[in-house]
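Set out below in structure tokens:
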């Protein structure tokens with residue numbers, strides 16, 4: 727996972743965006759010879775995890791402590807296909823949020839080519855699936 | 727694949743909606759013990775294919791004839807989780823369209839429980855990936 | 727999930743084999759325009775689950791009671807490709823076992839075409855991942 | 727994709743083994759909170775591709791030239807589970823082969839922990855799916 731020098735939130739000095747680079751897998755591609763549209767959501771999840779890691783938190787440890795994030799809303803606009811073995815970059819930005827929600831914006835790029843743009847809304851839940859405020863240490 | 731008696735388009739007597747029932751697979755579920763959010767797009771694709779089949783067309787044959795549909799836009803709102811081994815129903819409705827695009831609306835349900843709602847826009851393309859008018863025989 | 731009339735174990739009158747029929751999904755296929763070889767393991771898992779269901783047990787309930795089955799060994803020989811939208815049948819047979827292991831044999835077929843043969847060995851474990859004897863009610 | 731300094735084949739000075747490192751994805755894990763057994767085949771495919779790349783060939787270009795490799799045989803023995811967010815290493819070795827087949831051996835490791843061992847046999851085929859001799863430039 728490669729990351730560009732992250733930009734930072736001036737208040738907290740924590741990065742609010744990262745770029746996760748990855749190679750398109752053979753099994754992610756379909757008979758049209760391009761990455762299947764469902765895979766973009768997986769790439770976006772990986773980028774969110776890396777953003778959290780840059781911010782000093784590890785999602786695996788969140789779950790071990792009973793803090794989960796579930797996807798409540800997902801919007802993607804696909805512009806150009808990604809092909810097998812392409813190196814792509816997922817740019818993700820965490821948006822200031824309040825309460826139980828976290829929002830992210832994404833650009834999926836192959837160098838200068840913009841392949842897709844997307845937004846997600848996550849909700850923080852406890853192990854019973856009940857919404858809970860995002861712990862302040864995990865705010866973007 | 728079970729389907730409810732389809733409703734029909736009065737002009738063409740072709741169904742404009744179907745319900746595709748399926749069982750949530752173990753491998754579709756994640757450590758939260760629920761279906762991963764990326765899988766909903768796969769279920770929606772299966773339902774679109776079954777709608778096309780009810781309308782008298784087979785997507786595999788479309789591709790063999792050089793007619794492809796690519797997803798250009800995807801919106802999903804997740805409301806309740808689907809669990810492993812649940813029987814779920816994907817309700818899909820094809821919307822009247824013009825030109826190169828086809829729109830669909832979805833409800834993913836488990837009986838009375840509404841699990842998610844979604845919309846997609848597909849674009850009809852030829853084997854070079856260029857947009858082309860949807861052949862009239864394939865209009866919803 | 728369609729099943730042929732199951733053959734039965736004369737001692738217990740429980741079936742020892744079933745046939746699970748399913749349609750090859752678009753997302754299961756790769757740029758060679760055939761089902762990716764990793765997907766066969768998913769189909770085999772579905773067939774095992776259906777065999778267990780025919781035998782009167784539901785794997786989801788096993789896990790809820792702290793009984794898990796993990797795959798310890800997997801052998802597959804691929805003979806002919808499965809294509810998108812093909813209807814395939816996974817024939818699975820549970821073998822008499824003793825102790826902590828369960829063995830299964832598989833044929834993946836498309837009508838008269840034998841697409842693959844396979845065997846797996848599962849180990850019964852508790853929620854700590856420790857091997858435990860297969861509960862007698864779950865023996866094939 | 728990180729790779730250890732590859733060992734080389736003395737005759738050809740081409741490496742015969744590489745190590746592909748990767749992080750276990752959330753979507754690759756199942757309700758048991760470990761990587762699903764089907765995912766190991768995906769990791770092995772990635773490692774084979776990286777071995778080919780180290781040897782000077784790019785599998786995507788092979789397919790563009792009408793040279794395909796299909797999996798004919800797959801054996802895996804699972805020893806310890808891989809967990810979400812683990813960094814794992816897939817050690818792959820290409821074995822000397824003759825004719826239409828290529829064999830590989832694998833160890834999937836997490837540092838000192840051996841998670842699984844495996845072997846595959848691939849067959850080289852043309853765009854019609856007919857077996858053909860492995861081009862000498864692609865021999866391990």
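Protein chains in written order, with our numbering: chain A, 727 to 866; chain B, 727 to 866; chain C, 727 to 866; chain D, 727 to 866.
Glycine residues also receive a C-beta, built at the ideal position from the N, C-alpha and C atoms.
DSSP bridge partner residues for residue 761 of chain B (one or two, in chain order) = Against the second chain, residue 761 of chain B aligns to sequence position 35. Answer by DSSP bridge pairing, in chain order: B:755.
Report the residues of the stretch 748-766 of chain D with a CB closer than 7 Å to any CB of chain B, ordered along the chain.
-> 752, 753, 755, 756, 757, 759, 762 and 764
Cβ-Cβ distance between residue 848 of chain D and residue 796 of chain D below 8 Å = Residue mapping note: residue 848 of chain D aligns to position 122 of the fourth chain, counting from 1. Residue mapping note: residue 796 of chain D aligns to position 70 of the fourth chain, counting from 1. Yes, they are a contact pair.
Taking the alpha-carbon positions, what's the residue 748 of chain C to residue 823 of chain A distance?
-> Here residue 748 of chain C is taken as the residue at index 22 of the third chain, counted from 1. Here residue 823 of chain A is taken as the residue at index 97 of the first chain, counted from 1. Near 44 Å, if we compare the C-alpha coordinates of residue 823 of chain A and residue 748 of chain C.
Beta-carbon proximity list for residue 805 of chain A, same chain, < 8 Å, skipping 5 on both sides | If you number the first chain from 1, residue 805 of chain A lands on position 79. Around residue 805 of chain A: 840, 841, 842 and 843.
Secondary structure of residue 779 of chain C, DSSP reduced to three states = For the purposes of this step, residue 779 of chain C is taken as the residue at position 53 of the third chain. Residue state, collapsed to three classes: helix.
Residue 766 of chain B and residue 771 of chain C look like a contact to me (Cβ under 8 Å); what is the Cβ gap, rounded to whole Å?
-> Counted from its first residue, the second chain places residue 766 of chain B at position 40. Counted from its first residue, the third chain places residue 771 of chain C at position 45. Incorrect: roughly 20 Å between the Cβ atoms, too far for contact.
How long is the line joining the alpha carbons of residue 760 of chain A and residue 786 of chain A, rounded to whole angstroms?
-> Indexing the first chain from 1 puts residue 760 of chain A at position 34. Indexing the first chain from 1 puts residue 786 of chain A at position 60. Cα to Cα, the separation comes out at about 31 Å.
Hey, quick one: how far does the alpha helix (DSSP H) through residue 785 of chain B stretch, first residue to last?
-> Here residue 785 of chain B refers to the residue found at position 59 when the second chain is read from its first residue. Where residue 785 of chain B is concerned, the enclosing alpha helix (DSSP H) stretches over 785-790.
For residue 772 of chain A, decide whether its Cβ has a neighbour in chain D, counting only Cβ atoms nearer than 8 Å.
-> Locating residue 772 of chain A in the first chain gives position 46, where the first residue counts as 1. At least one chain D Cβ lies under 8 Å of residue 772 of chain A.
What is the DSSP secondary structure of residue 772 of chain A, counted as helix, strand or coil?
-> Walking along the first chain from the start, residue 772 of chain A turns up at place 46. If DSSP states are grouped into helix, strand and coil, residue 772 of chain A belongs with the helices.
Neighbour list for residue 804 of chain D in chain B, Cβ cutoff strictly below 9 Å | Against the fourth chain, residue 804 of chain D aligns to sequence position 78. The premise fails here: residue 804 of chain D is roughly 15 Å from chain B at the closest Cβ pair, so nothing lies under 9 Å.
Along chain C, which residues have their Cβ under 8 Å away from the Cβ of residue 811 of chain B?
-> Here residue 811 of chain B is taken as the residue at index 85 of the second chain, counted from 1. In chain order: 775, 784, 785 and 786.
Comparing alpha-carbon positions, which option in A:846, A:798, A:807 and A:857 lies nearest residue 836 of chain A?
-> Position 110 of the first chain, counting from 1, holds the residue named residue 836 of chain A. When each option's Cα is compared against that of residue 836 of chain A, the closest is A:807.
Between the CA atoms of residue 792 of chain D and residue 809 of chain B - distance to the nearest angstrom = Working through the second chain from its first residue, we reach residue 809 of chain B at position 83. Working through the fourth chain from its first residue, we reach residue 792 of chain D at position 66. Cα to Cα, residue 809 of chain B sits roughly 42 Å from residue 792 of chain D.
Straight-line CA distance for residue 799 of chain C to residue 783 of chain B?
-> For the purposes of this step, residue 799 of chain C is identified with residue 73 of the third chain, where counting begins at 1. For the purposes of this step, residue 783 of chain B is identified with residue 57 of the second chain, where counting begins at 1. C-alpha separation (whole angstroms): 41 Å.
Alpha carbon to alpha carbon, what distance is there between residue 762 of chain C and residue 832 of chain A?
-> Position 106 of the first chain, counted from the first residue, corresponds to residue 832 of chain A. Position 36 of the third chain, counted from the first residue, corresponds to residue 762 of chain C. Computed Cα separation, rounded: 29 Å.
Can you find a CB in chain D that lies within less than 8 Å of the CB of residue 798 of chain C?
-> For the purposes of this step, residue 798 of chain C is taken as residue 72 along the third chain, with counting starting at 1. Residue 798 of chain C counts as touching chain D.
Would you say residue 768 of chain A reaches chain D, if we count a Cβ-Cβ gap shorter than 8 Å as a contact?
-> What you label residue 768 of chain A is simply residue 42 of the first chain in a count that begins at 1. Yes, residue 768 of chain A counts as interfacial toward chain D.
Would you check if the distance between the CB atom of residue 818 of chain A and the CB atom of residue 850 of chain A is smaller than 8 Å?
-> Here the question's residue 818 of chain A lines up with position 92 in the first chain. Here the question's residue 850 of chain A lines up with position 124 in the first chain. In this structure, residue 850 of chain A does not lie closer than 8 Å to residue 818 of chain A by Cβ.
Cutoff 7 Å; reference residue 811 of chain B; Cβ partners in own chain excluding five residues on either side | Along the second chain, read from residue 1 onward, the residue named residue 811 of chain B stands at position 85. Only 749 and 750 meet the Cβ criterion.
Closer than 9 Å at the beta carbon, the chain A residues around residue 801 of chain B | Residue numbering aside, residue 801 of chain B sits at position 75 when the second chain is read from its first letter. Going along chain A in sequence order, the residues near residue 801 of chain B (Cβ under 9 Å) are 799, 800, 801 and 802.
For the stretch 785-825 of chain C, which segments carrying the alpha helix (DSSP H) assignment without a break, of at least 4 residues, lie completely within its bounds, in sequence order?
-> 785-790
Check residue 847 of chain C in the structure and name its three-state DSSP category.
-> The residue given as residue 847 of chain C occupies position 121 in the third chain. Strand.
Listed by chain order, chain C residues near residue 789 of chain D by CB distance under 9 Å = Position 63 of the fourth chain, counted from the first residue, corresponds to residue 789 of chain D. Within chain C, the residues near residue 789 of chain D are 757 and 758.
If you compare alpha carbons, which of A:829, A:773, A:854 and A:846 is closest to residue 746 of chain A?
-> Position 20 of the first chain, counted from the start, is the residue given in the question as residue 746 of chain A. Considering only alpha carbons, the answer is A:773.
In chain A, which residues lie with their C-beta within 8 Å of the C-beta of residue 794 of chain B?
-> Locating residue 794 of chain B in the second chain gives position 68, counting from the first residue. Per Cβ cutoff of 8 Å: 758.
Residues near residue 769 of chain C by beta carbon distance below 6 Å, same chain, minus five either side | Position 43 of the third chain holds residue 769 of chain C. Contacts found: 816.
DSSP beta-bridge partners of residue 832 of chain C = On the third chain, position 106 is the one that residue 832 of chain C refers to. Answer by DSSP bridge pairing, in chain order: C:818 and C:844.
Going by beta carbon distance, what residues of the same chain come within less than 7 Å of residue 775 of chain B, once the five residues before and after it are set aside?
-> Counted from its first residue, the second chain places residue 775 of chain B at position 49. Taken in chain order, the residues that qualify are 785.
Endpoints, beta strand (DSSP E) assigned at residue 741 of chain A | Within the first chain, the letter at position 15 stands for residue 741 of chain A. Here the beta strand (DSSP E) through residue 741 of chain A covers 741-749.
In whole angstroms, what is the alpha-carbon distance linking residue 740 of chain C and residue 779 of chain C?
-> For the purposes of this step, residue 740 of chain C is identified with residue 14 of the third chain, where counting begins at 1. For the purposes of this step, residue 779 of chain C is identified with residue 53 of the third chain, where counting begins at 1. Looking at the two C-alpha atoms, the distance is approximately 10 Å.
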